[in-house]
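Asker: So the sequences go chain by chain: H and S. Position one of the first sequence corresponds to residue -16 (our numbering), numbered consecutively onward. Position one of the second sequence corresponds to residue -16 (our numbering), numbered consecutively onward. Heads up, the beta-carbon is just placed ideally off N, CA and C, and yes, glycines get one too. Note that the structure is a prediction, hence the values are computed from the model and not measured.
There are 2 protein chains.
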Amino acid sequence: MAECGGKSERELILRIMEILGGVENDDCASLDLGDRYLVVSTDMLHRESDFPDIMNPWQMGWMSVAVNLSDVAAMGAEPAGVLVAAGLSAEADLYFIDELFSGFSDCASYYGTRILGGDLDSHQELTITGCSLGFVEKDLILRRRGARPGDLLCTTGTLGGAGGGLWAWKEGYSDSELITRLLEPEPRMAEGRALAKSGAVTAMMDNSDGLALSLSDLAGVNRAGFLVREETIPLAAGLVEMVGREKAVEMALSAGGDFELIFTVDPEKLARAEAACDLTVIGEVVQEGIWMEAQGMRNQILPRGFEHRIGGCR
Amino acid sequence: MAECGGKSERELILRIMEILGGVENDDCASLDLGDRYLVVSTDMLHRESDFPDIMNPWQMGWMSVAVNLSDVAAMGAEPAGVLVAAGLSAEADLYFIDELFSGFSDCASYYGTRILGGDLDSHQELTITGCSLGFVEKDLILRRRGARPGDLLCTTGTLGGAGGGLWAWKEGYSDSELITRLLEPEPRMAEGRALAKSGAVTAMMDNSDGLALSLSDLAGVNRAGFLVREETIPLAAGLVEMVGREKAVEMALSAGGDFELIFTVDPEKLARAEAACDLTVIGEVVQEGIWMEAQGMRNQILPRGFEHRIGGCR
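#1: Check each candidate in H:Lys(-10), H:Asp9, H:Asp241 and H:Leu66 and name the one with the smallest Cα separation from Pro168 of chain H.
#2: Cα separation between Leu222 of chain S and Met187 of chain S?
#3: Can you give me the start and stop residues for the beta strand (DSSP E) that Gly209 of chain S sits inside?
#4: Where does the unbroken beta strand (DSSP E) through Glu61 of chain S begin, and where does it stop?
#5: Using the Cβ count rule (16 or more neighbours within 10 Å means buried), how would you classify Ser181 of chain S?
#6: Start and end of the alpha helix (DSSP H) containing Phe87 of chain H?
#7: Hey, out of S:Gly227, S:Asp200 and S:Gly279, whose CA is closest to Pro286 of chain S's CA?
#8: What did DSSP end up calling Ile2 of chain S once you bin it into helix, strand or coil?
#9: Mind reading off the beta-carbon distance from Met46 of chain S to Gly70 of chain H? Whole number of angstroms is fine, and I expect it under 8 Å.
#10: Could you tell me the boundaries of the alpha helix (DSSP H) in which Arg228 of chain H lies?
#11: Is there at least one Cβ from chain H nearer than 8 Å to Arg97 of chain S's Cβ?
#12: First and last residue of the alpha helix (DSSP H) that includes Val283 of chain S?
#13: CA-CA distance, Cys296 of chain S and Leu77 of chain H?
#14: Count the other CB atoms, across all protein chains shown, that sit within 10 Å of the CB of Ile(-1) of chain S; report buried if there are 16 or more and exposed otherwise.
#15: With a threshold of 8 Å between beta carbons, is Asp158 of chain S in contact with chain H?
#16: Check distances from the C-beta atoms of the segment 89 to 119 of chain S to those of chain H and list, in chain order, the residues that come in under 8 Å.
#17: Would you decide whether Arg164 of chain H is buried or exposed? Buried here means 16 or more other CB atoms lie within 10 Å of its CB.
#18: Can you give me, in chain order, the residues of the segment 139 to 158 of chain S that have a beta carbon less than 7 Å from any beta carbon in chain H?
#19: So is Arg292 of chain S in contact with chain H if we call contact Cβ pairs under 8 Å?
#20: With a threshold of 16 other CB atoms inside 10 Å of the CB of Leu300 of chain H, please say whether the residue is buried or exposed.
#21: With a threshold of 8 Å between beta-carbons, can Phe84 of chain H be considered close to chain S, or not?
#22: Just the C-alpha distance for Glu174 of chain H and Gly86 of chain S, rounded to the nearest angstrom, thanks.
#23: Decide yes or no for the touch test of the segment 96 to 105 of chain S against the segment 59 to 69 of chain S: beta carbon pairs closer than 8 Å, at least 3 of them.
#24: Under the assumption that Val248 of chain S contacts Thr185 of chain S (Cβ atoms under 8 Å), give the Cβ distance between them as a whole number of angstroms.
#25: Looking only at its chain, what residues have a beta carbon closer than 8 Å to the beta carbon of Ser88 of chain H, apart from the 5 residues adjacent to it on each side?
#26: Between which residues of its own chain and Gln283 of chain H is the CB-CB distance below 7 Å, once the five residues before and five after are set aside?
#27: Touch check for the segment 101 to 118 of chain S and the segment 101 to 114 of chain H: three-plus C-beta pairs under 8 Å?
#28: Look up Leu165 of chain S in the DSSP assignment and say whether it is helix, strand or coil.
#29: Can you confirm whether Pro286 of chain S, when its beta carbon is compared against all beta carbons of chain H, has any partner nearer than 8 Å?
#30: Does Pro35 of chain H come out as helix, strand or coil in the three-state DSSP assignment?
#31: Quick check on Ile265 of chain S: does DSSP put it in helix, strand or coil?
#32: Between Glu243 of chain H and Leu142 of chain H, how many whole angstroms is the CB-CB distance? I'm expecting something under 8 Å.
#33: Cα separation between Glu304 of chain S and Asn39 of chain S?
#34: Can you tell me whether Gly294 of chain S is buried or exposed? The criterion is at least 16 other CB atoms within 10 Å of its CB, across all chains shown.
#35: Would you tell me roughly how many angstroms separate the C-alpha atoms of Cys90 of chain S and Val6 of chain S, rounded to the nearest one?
#36: Under the three-state reduction of DSSP, which class applies to Gly117 of chain S: helix, strand or coil?
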């Protein structure tokens, strides 16, 4: 686990939130506009730690916008625009720049929004920071806080796909569809919005760092726990065949990059959530602890997943 | 001048604006909220290119927020919040992190706003990307476009101070007040807002990269030119005594970091602008060309100033 002065990335975030004061630990910050909320989020991506070597510049652009939009989706908001600050490295010739910015633009357009502006800079290592904006009605906004014991734990789509894509690429399975999932993530914009409108969801976040860390974050904010039923986890198509069931579940838990929505649903309103989008119930909210149940056994899920090494870490 | 494929930073920005389509070349992007505009800007800063070696981590935090707020000031907007994405390098121990984030928070508070959220990441070189938000009434928003020949060219405060501070530090004048100006820039938030309310300003931007580049940008957007009267340029206190008049004027023109507002005023409304804030008339808008008049001579001002080396630059 990443550490700095004995603190993990997530512990550092809590420390920083104390310095800053009044910052909510949601996927986006929200600003009261009177009639609705503006939600806004920023994510920084680097060549080495965030973009697999095989990524082309268009895909780097796509991913940079996609991960930022995913935070807007997690709040149940409608996207309103994206800004991109790009620190370009020496590899960035005109072709690279054209492709990168086309990737930004294409991803924003695909989700019905656009690039509003940005900053251009140079850097040893390619660095892209996106900032995404969205709007959401006051009574529809979804936050990480709100889950209650007894609520159903759900996910959109399938899990482990991005982790499987990374594995496939490293093992030389260049034709795996999971590689595309890794390189061209599709944030759940329509699903996030529909779930917000369903009125059935009590808490939500995206699982950019894997299910285990998402559950750890949700548990902390809600002072609650989770029980996941292993056999209900919707594993990405082809994943079990490729790596076996045990490794597939491990990828769902701890590999980053899936960008699904993890959310909790009032059990009496499950039908409404199911009408909003395809989802899978994978467990429930419990009083405490984060547990995986498989073949009658219950084991603790440790908060392991994709965390950045922060600063002077030993 | 920075180049990539034969293109300068500013030429690259124009190329990228074409790829993105519909992006205004203002200090902030603006989003129509119905009753008002949301303005939003992003700026990326790096350890080596943006933070002088003598800067302490609190000052790095202060500056990162200050440069982002300056863009909000340039639109005549009221600040509404700032996001910060920090890519921390190995030098960032807990003390560094506490000071950096205190600098973020103190600068935001000083200008009546706050840090809304952000992202934490790690990086070889310290990299901070801010994203600032503001609100401005629809009839008050100030843009780079709007200057007409005959309008007066004005600046807030004094020029050349940050350049002088850099010089003083390099030459070993460690007690110069200009060094503080370099390290702890003060964006003109109140002035920008008051100028917007005055109704006298026709175009505005901040001069983060020096006066010469600001005039070049304003000339391009307005398809107009500028005539600057050298003896009217308000040079930072102590600058001429330290480096001589010629070098002081050169610093005003081409050194980055002053974060004053450069704007044009309808000459019939000058009194209103003067009532809004301290300003100096340094010239006027002309049909074409960017000129400096000194002792009866008129010379062209070349667009030289602080530009980043972008990407694969030769």
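Answerer: In brief:
#1: H:Asp241
#2: 25 Å
#3: Sequence check: residue 209 of chain S is Phe here, not Gly. Its beta strand (DSSP E) spans residues Gly208 to Arg212.
#4: Glu61 to Leu71
#5: buried
#6: Leu77 to Tyr93
#7: S:Asp200
#8: helix
#9: Contact doesn't hold; Cβ gap of about 17 Å is too wide.
#10: Here the alpha helix (DSSP H) through Arg228 of chain H covers Arg228 to Ser237.
#11: yes
#12: The sequence given here has Gln at residue 283 of chain S, not Val. Where Gln283 of chain S is concerned, there is no enclosing alpha helix (DSSP H), although the beta strand (DSSP E) it sits in stretches over Met280 to Gln283.
#13: Because the pLDDT at Cys296 of chain S is just 34, under 50, the model does not fix this residue reliably, and the value given afterwards should be weighed accordingly. Approximately 10 Å, taken between the alpha carbons.
#14: buried
#15: no
#16: Arg97, Ile98, Leu99, Gly100, Gly101, Asp102, Leu103, Asp104, Ser105, His106, Gln107, Glu108, Thr110, Thr112, Cys114 and Leu116
#17: With 16 or more other Cβ atoms within 10 Å, it is buried.
#18: none
#19: Note on Arg292 of chain S: pLDDT 48, under 50, position unreliable in the model; no value is reported.
#20: This structure cannot settle anything about residue 300 of chain H, because the visible part of chain H is limited to -16 through 297.
#21: Chain S, which has a Cβ nearer than 8 Å to the Cβ of Phe84 of chain H, makes this yes.
#22: In a straight line, the C-alpha of Glu174 of chain H is about 38 Å away from that of Gly86 of chain S.
#23: yes
#24: 7 Å
#25: Gly44, Arg97 and Ile98
#26: Same-chain partners within the cutoff: Gly272, Ile273 and Trp274.
#27: yes
#28: helix
#29: Taking 8 Å as the threshold, the shortest C-beta distance from Pro286 of chain S to chain H does not fall below it.
#30: The three-state secondary structure of Pro35 of chain H, taken from DSSP, is coil.
#31: strand
#32: Rounded to the nearest angstrom, the Cβ distance from Glu243 of chain H to Leu142 of chain H is 6 Å, consistent with a contact under 8 Å.
#33: In the structure as shown, chain S begins at -16 and stops at 297. Residue 304 of chain S is therefore absent and cannot be evaluated.
#34: In this prediction, Gly294 of chain S has a pLDDT of 47, which is less than 50 and means its spatial position is unreliable; what the coordinates show is noted afterwards. So Gly294 of chain S counts as buried.
#35: As the crow flies, the alpha-carbon of Cys90 of chain S is around 29 Å from that of Val6 of chain S.
#36: Reduced to three states, the DSSP call for Gly117 of chain S is strand.
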